[in-house]
Structure formats: structure tokens, C-alpha cells
Amino acid sequence: MVSQNSNYTSAEVWLSLSKLLFTLFITLFVAQFIAYGFTLPLLNYSAEELEALIIAPKEYPHHRIAFLLLEGIIRILLFIAAPMFFLNYVDTGNDALTIQTNPNPKLILWVLLPVIVITAMPLDSHIIAWNQAIRLPDFLAAYENWAMAREEEAAELTLFLTKYENFIEYIIGLLIIAVVPAVGEELLFRGVLQNKVNLLLKNPHLSIWITAFIFSFIHFQFYGFFPRMLLGAMFGYLYWWSGNLVVAMVAHFINNGFTLTMIYCNQMGWTDYDLQNAFPISITAITTCVFCAAMWIFWKNTTNDLRNS
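Each number in the working numbering corresponds to the 1-based position in the sequence shown with 1 added.
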């Protein structure tokens with residue numbers, strides 16, 4: 002992550018953030034036209050058919066690939082192309098924004114990544130259960146009803162996007178649901194936004210948590226907000242300590258890819274991985290201890306300069 006001592010005024014950083022927001026807004030608008038224009042002729046869809054698929058995807062289970070392709074194009078443009086365009090053509094001259102300060106992390110850091118991500122999952126399952134059980138005060142009943150309806154829609158969409166009929170669909174899903182978000186979301190949130198916030202606040206810890214809050218907030222899912230924020234914070238610390246954005250990308254991919262693979266294995270009848278309920282307390286206690294130990298070893302094997310930057 003960039004140094005706290007970078008000589009940029011608050012006004013310059015706020016202007017840069019404004020440019021980033023404008024770039025993302027324009028990209029989101031343009032990306033939809035590009036995605037529709039690419040998908041229609043490739044899959045020989047009419048505009049009406051594509052619109053119906055977007056509005057109610059679960060009504061068209063055999064058109065899953067078309068929906069994944071559409072989502073993939075938009076995500077690539079918004080989370081990968083837009084930040085790269087911003088860094089290379091909009092935010093030029095901001096040499097303090099360095100998304101990689103350590104090009105060669107130690108081998109042990111890569112070895113620890115799957116241990117850290119996978120052993121965090123049992124604890125995360127309890128945080129998910131707690132978050133889903135939250136009930137808001139009566140005066141927020143309207144928002145609570147909206148949030149619960151939004152959560153149900155998200156669950157239905159997730160089920161639609163992860164119910165694969167063959168191995169090819171699983172691979173396509175892995176690319177769009179695991180690879181693209183891992184690269185794009187880490188580039189945007191950790192590589193760009195977290196660094197920008199740190200230039201403002203000169204406080205890596207606060208920058209990590211604010212970025213994690215925004216990362217979770219933009220998903221607009223209150224009943225998944227806290228576990229997603231904690232996940233974003235974990236990626237933020239892995240990036241800050243290692244000094245290499247690819248480390249955070251790989252961790253993000255392991256998280257999404259492992260879950261998606263377990264879903265697929267369940268569908269094939271190869272495993273019986275329970276994705277709905279929290280893990281037993283005994284397993285959670287053991288894996289949480291392993292997670293904490295792995296995070297400590299990871300931290301101890303990063304350089305003092307990076308840890309104190």
C-alpha cells in the first residue's frame with residue numbers, strides 16, 4: 002500500500018476520487034450497451050429475449066450461459082477496464098499510487114493463503130447466521146422489508162448462477178464468478194480506493210476498514226453486510242502486509258472458487274458440503290485458532306517497512 006508520507010494534499014486526493022467515481026459511472030453506462038451489443042449477435046438473441054432474461058433470469062434456466070456472459074462483460078469493463086483506464090489515462094502523474102510495492106513476496110505467503118481463506122469460512126458462517134438474524138426497530142420496518150426482499154432476490158440469483166448442468170458451465174461460472182471479481186474488485190477496491198483513502202487519512206488500518214465498508218455497501222445486501230465487510234478487511238490486510246495486490250486477488254479467488262467448487266461437487270453428488278447452516282462450534286473453534294495463527298505467521302513474514310508504512 003502507498004506510504005503514509007506521500008506528498009498529496011487532501012484537495013488533490015478528493016479530486017482524484019471524484020474522477021474515479023465519474024469514470025466508473027460512465028463505464029457502467031457504456032458497459033451495458035457493449036454487453037448487450039456483444040451478446041445479442043453472439044447468441045442470436047432478440048432484444049426482447051435478452052430483456053426478459055435480465056428481468057427474470059430464473060425463469061430461463063437453460064439460458065444461464067447467456068446471463069453469465071452478459072454479467073462477465075459488464076464486470077470486466079467496470080472492475081478491470083475502468084480502473085486500468087483511470088490509472089493510465091485519467092489519474093496520470095499520481096506516482097504515489099503504487100499498487101505493487103513488493104514484486105516478490107516470500108513463498109510462505111502464497112502457501113498460507115489457502116489456509117487463511119479456508120479456515121476463515123467456519124467463523125464466517127456464524128457471522129453470516131448472526132447477520133441474517135438481525136431484526137431492525139419498528140421505525141425501520143420499511144427498510145427491513147426491502148432488505149429482506151433484496152436478500153431473497155440475491156439468493157435466487159445465486160442459485161440460478163451456480164446450478165450447472167455440466168463441467169463446461171462450471172468452468173464458465175468459475176471464470177465469471179471467481180476469476181473476474183478476484184482481479185477486478187481487488188484492483189478497484191484495494192489497489193485504487195484503499196490507496197486513495199490512505200493518502201487522505203494517513204492511517205492504513207482506518208483505510209482498510211473504510212474500504213471494506215464501501216466494498217460491502219455497494220452490494221446493497223444488508224443481511225450479508227458484516228461478513229462481506231470482514232472479508233474485504235481480510236483482503237485489505239493481506240494486501241497491505243504483503244505489498245502485492247496479486248496476493249489479495251489470489252485470496253479473493255480462493256474464497257469464491259472454493260465455495261463455487263463445493264457447490265458444484267454437491268450437485269454432482271461427490272460431496273455433502275452444507276452451505277446453509279453454520280459450522281459446529283467445535284470445528285469453528287479449531288479452524289479459528291488455525292486462521293489466527295496463519296494470519297500471524299503471514300504478518301511476521303512481511304517486511305517491517307511494509308507493516309509500518
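C-beta atoms are modelled at their ideal positions from N, C-alpha and C, and glycine is treated no differently.
Boundaries (first-last residue) of the alpha helix (DSSP H) holding residue i
| i | result |
| --- | --- |
| P205 | 205-218 |
| W147 | 142-162 |
| I282 | 282-301 |
| N278 | Here N278 belongs to no alpha helix (DSSP H), and DSSP marks it neither H nor E. |
| I172 | 168-174 |
| K107 | Looking at the DSSP string, K107 is not in any alpha helix (DSSP H), and its letter there is neither H nor E. |
| Q101 | Per DSSP, Q101 belongs to no alpha helix (DSSP H) and is neither H nor E. |
| W242 | 226-243 |
| H63 | Taken as a continuous stretch (DSSP letters only), H63 belongs to no alpha helix (DSSP H), as it is neither H nor E. |
| F86 | 83-86 |
| V184 | 181-186 |
| F259 | 246-269 |
| L200 | 196-202 |
CB-CB length for residue i against residue j, believed under 8 Å
| i | j | result |
| --- | --- | --- |
| F299 | V193 | Contact flag wrong, Cβ pair sits at about 23 Å. |
| N302 | K20 | That belief does not hold up - the Cβ atoms of N302 and K20 are roughly 36 Å apart, past 8 Å. |
| R77 | G237 | Residue 77 is actually Ile in this sequence, not Arg. Contact doesn't hold; Cβ gap of about 23 Å is too wide. |
| A121 | F223 | 21 Å between Cβ atoms; not a contact. |
Residue i versus residue j - alpha carbon distance
| i | j | result |
| --- | --- | --- |
| A130 | I219 | 21 Å |
| S11 | I66 | 45 Å |
| F226 | A234 | 12 Å |
| D96 | N245 | Low confidence applies here, because D96 scores a pLDDT of 49, under 50, leaving its location unreliable and the question unanswered by this model. |
| A286 | F26 | 43 Å |
| I173 | G73 | 10 Å |
| Q101 | V31 | 29 Å |
| R151 | N105 | 42 Å |
| I117 | Y171 | 25 Å |
| S17 | N89 | 13 Å |
| W297 | M250 | 20 Å |
| E49 | E60 | 14 Å |
| K197 | I169 | 39 Å |
| G270 | I282 | 26 Å |
| E153 | A294 | 36 Å |
| A183 | P138 | 36 Å |
| N6 | I35 | Residue placement at N6 cannot be trusted, given a pLDDT of 49 that sits under 50; the coordinates are not used to answer. |
| W210 | N204 | 10 Å |
| E145 | R136 | 8 Å |
| L141 | Q195 | 31 Å |
CA nearest to the CA of residue i, picked from the options
| i | options | result |
| --- | --- | --- |
| A314 | L189, Q268, L201 | Because the chain spans 2 through 310 in this model, residue 314 falls outside it and cannot be assessed. |
| D92 | P281, L22, I173 | L22 |
| T159 | L239, I177, W147, V198 | I177 |
| I284 | I100, S126, L18, V112 | S126 |
| Y37 | L16, L71, I56 | L71 |
| H253 | L29, I75, R191 | R191 |
| N256 | A279, I209, Q268, L232 | L232 |
| Q268 | N167, E49, I56, L69 | N167 |
| L162 | E153, F68, A83, M230 | F68 |
| N132 | T24, A155, P228 | P228 |
| W242 | P84, N103, P58, T24 | N103 |
| Y274 | P123, M85, E49 | P123 |
| P115 | I215, I282, L239, G270 | L239 |
| N278 | I209, I128, F216, L141 | I128 |
| M85 | L141, E187, C293, A53 | E187 |
| E331 | E145, T24, P205, P58 | Past the edges of the chain, shown from 2 to 310, lies residue 331, and the structure says nothing about it. |
Beta carbon of residue i nearer than 9 Å to that of residue j
| i | j | result |
| --- | --- | --- |
| V14 | L207 | no |
| V291 | W111 | no |
| L311 | T262 | Here the chain covers residues 2 to 310 and nothing more, so residue 311 does not appear. |
| Y265 | Y165 | yes |
| V180 | G258 | yes |
| L79 | T28 | yes |
| Q33 | I81 | no |
| F280 | T288 | yes |
| M230 | F221 | no |
9 Å Cβ cutoff, residue i in contact with chain C
| i | result |
| --- | --- |
| T10 | Among the chains of the structure shown, chain C does not appear; only one protein chain is present. |
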